[in-house]
Amino acid sequence: MSKDTFTSVSQDGLRYESKLGGSPFLGSGHTRSCFKCGKHRPPSSLQSKRVLGRTEVVCKPACPPKAAEV
1 MSKDTFTSVS
11 QDGLRYESKL
21 GGSPFLGSGH
31 TRSCFKCGKH
41 RPPSSLQSKR
51 VLGRTEVVCK
61 PACPPKAAEV
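The sequence shown runs 1 to 70 under the UniProt record's numbering.
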């Protein structure tokens, strides 16, 4: 996710660019990513499953369907 940026022109004509402060992750910051879809979610909305011989966390009850790619 890209943050909005703003620019300002200094007296000597140079343009400086800076990003707005803050985190793209809202809330308490305690998130983990789903092994299947990669979206960050709070631990309460994830469940452990055995995937390829390892225990990974995935969305519960299931990952949301992806939009059809053209």
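Cβ coordinates follow ideal geometry from the N, Cα and C atoms, glycine included.
Own chain partners of residue i with C-beta closer than 7 Å, once the 5 adjacent residues on each side are dropped
{"i": "G53", "result": "none"}
Spatial distance of residue i from residue j (CA atoms)
{"i": "P64", "j": "G13", "result": "48 Å"}
{"i": "Q47", "j": "T55", "result": "10 Å"}
Option in the options with minimal Cα separation from residue i
{"i": "C37", "options": "A62, V9 and H30", "result": "A62"}
{"i": "P42", "options": "R50, K49, V51 and V57", "result": "V57"}
{"i": "V51", "options": "S45, K66, K60 and F35", "result": "F35"}
Neighbourhood of residue i by C-beta distance below 8 Å, restricted to the same chain and skipping five residues each side
{"i": "H30", "result": "P42 and P43"}
{"i": "K60", "result": "S45, L46 and Q47"}
Sequence-distant residues of its chain with Cβ nearer than 6 Å to residue i (five each side left out)
{"i": "S33", "result": "H40"}
Counterpart residues of residue i in DSSP-defined beta bridges
{"i": "R55", "result": "Residue 55 is actually Thr in this sequence, not Arg. T55 is bridged to R50."}
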